[in-house]
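Accompanying notes for the structure given below.
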Amino acid sequence: MAIDPPARATCEGAGSPSWTRRDGALWCDEVDVAGLAARFGTPLYVYSAAALRQRIAAVRAAFGDDAHLCYAVKANSNLSLLRLVHEAGCGFDLVSGGELERLVAAGLPTDGAVFAGVAKQEWEIDAAVAKDILFFNVESPHELPSLSAAGRRAGRPVRVALRLNPDVDAGTHAYISTGKQHNKFGVAIGRAGEVVSAIAADPWLELVGYHVHLGSQLHQVRPYAEALQRVCDFVDGDPARARGVRYYDLGGGFGIGYGKGPELDVAAVAAALLPTLRSRGWTPVVEPGRFLIGDAGILVTAVLGEKSQGAAEFLLVDAAMNDLMRPALYQAEHPIVPVAPVPADRSTHAVDVVGPVCETGDFLARGRALPRCRPGDLLAVLAVGAYGASMASNYNTRRRAAEVLVDGAAVRLVRRRETFAGMFADELAGESAPDTGDAGGREPGTGER
Ligand SMILES: Cc1ncc(COP(=O)(O)O)c(C=O)c1O
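Taking the working numbering, the leading residue of the sequence shown gets 12, the next gets one more, and so forth.
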């Protein structure tokens, strides 16, 4: 005897309980996803506030109340999401002056922000000093004169943490590994002693900590533990290296499942590191992006048609690589699920899910088993909250997608679909403007100079 499926179930492939099936239809918390697509159009990013808060709470529980949680703004820099993570108790991990501008635009405090970035420009340093951020993560000695000069102008020493490159294999995709010797990030431990001495000798700089970030999408505790061990060995090499140090910023990189397995055991990472950090009096700083927002977002796309070519079968959809770069850039595989209930008699077949962009690399999935679709059917690409919208572009003169935030039963449009007029405005203004000699390096804004 057939058993009726439950009226409410977790959505297959989703990494957060916020995505459910009710009588087969996809819901985000208390809101049905098809209704959102009808109201706001497609492609459409949908975020769950509950899913984001739940992950922040998990990281807080793992690392404790005294840890400093810094949301990695690059993962998803939507202003409304930044406000939400601030309300949930996070500071921010910045990698550009533009991200600092976002905090200012969102009306958020900047004193809990840390600023990494492998090639910081002077205007960015000036802006962050003016905003008195918590500390800079120094990635190379060439930053020191600019940081020192900014401190002198401000009349107070600039707090810096030294980003060490511990040469640890994070066991992740080559494009998102950052802690190996051949990666451009941080200062090699062999040269770090000189940099610590240079900081100590400068009255306008104050060494407050050490930083590592090994890469993204990590699933093991080992790299985090190994990196801390190498930093401790370095610090123990000379008492001067520990002077004034009160933070250990272990970076982000906490991996998620993408429908294939569990996320990183963050509590296990914390358990491995906290005893050492406590014994040295170092406050943990963590900078997760993907782990917090990745599973909180989906991309809803509408089917345009099907096409067969030789042995290949293509499902043509209205979202493309400009909306979601990750499959093309990192060979990332995101779960894709139908939004509406699938009739029991629909057959399943393997398709390449491709968008309208004129690139062979424009695909959302390859050889993916999906129920046969008809034009107008909706699909949801899961786990796209991180490095989805924030990496989107206008390539092929496509408007960036709208974004909505669901909070329980409440829905808020947090980014309207881009308009063509908005997209062309700077070009049209450029045509009529006199040559101002704007070299692009000097950015008016927070750091006006
Ligand atoms: C310095 C730094 N911190 C944190 C992150 C966030 O990484 P993830 O989103 O994997 O947690 C990144 C990502 O590249 C980074 O470069």
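Here a beta-carbon is modelled for each residue, glycine too, at the ideal position from N, C-alpha and C.
Check, Outcome
"Figure out for me which residue from Met-336, Asp-260, Pro-156 and Pro-352 has the closest Cα to the Cα of His-345.", "Met-336"
"Looking only at its chain, what residues have a beta carbon closer than 6 Å to the beta carbon of Asp-157, apart from the 5 residues adjacent to it on each side?", "Residue identity check: residue 157 is Ser in the sequence provided, not Asp. Within the same chain, Ser-157 has close Cβ partners Glu-133 and Ile-136."
"Please tell me whether Gly-204 and Asp-249 are closer than 9 Å, where the distance is taken between their beta carbons.", "yes"
"For Leu-288 and Tyr-259, which I take to be in contact (beta-carbon distance under 8 Å), what is that distance rounded to the nearest angstrom?", "5 Å"
"Is DSSP giving Gln-231 helix, strand or coil here?", "coil"
"Could you give the DSSP three-state label for Ser-401: helix, strand or coil?", "helix"
"What does a CB cutoff of less than 6 Å around Ala-376 pick up in its chain, not counting 5 residues either side in sequence?", "Ile-347 and Val-364"
"DSSP three-state label for Ile-144, please.", "coil"
"Contact check, Asn-89 vs Ala-400 under 8 Å by CB: the rounded distance?", "7 Å"
"Return the first residue and the last residue of the alpha helix (DSSP H) that Phe-435 is part of.", "431-443"
"Would Val-8 and Val-328 be called neighbours here (beta carbons separated by less than 9 Å)?", "Shown here, the chain extends from 12 to 460; a query on residue 8 therefore has no answer."
"Less than 9 Å between the beta carbons of Val-395 and Gly-305, yes or no?", "yes"
"Between the alpha carbons of Leu-393 and Ala-62, how many angstroms are there, rounded?", "13 Å"
"Taking 9 Å as the cut-off, decide whether the C-beta atoms of Val-219 and Arg-170 are in contact.", "yes"
"By the 10 Å Cβ neighbour count, where 16 or more other Cβ atoms means buried, how is Asp-40 classified, buried or exposed?", "buried"
"Just verifying my parser: in three-state terms, what is the DSSP assignment at His-224?", "coil"
"What's the gap between the Cα of Leu-284 and the Cα of Thr-294?", "11 Å"
"If distances are taken between C-alpha atoms only, which option among Cys-81, Thr-21, Cys-243 and Tyr-58 comes closest to Ala-420?", "Tyr-58"
"Judging by CA-CA distance, which residue of Arg-410, Leu-111 and Arg-113 is the nearest neighbour of Thr-430?", "Arg-410"
"Going by beta carbon distance, what residues of the same chain come within less than 7 Å of Ala-323, once the five residues before and after it are set aside?", "Asp-363"
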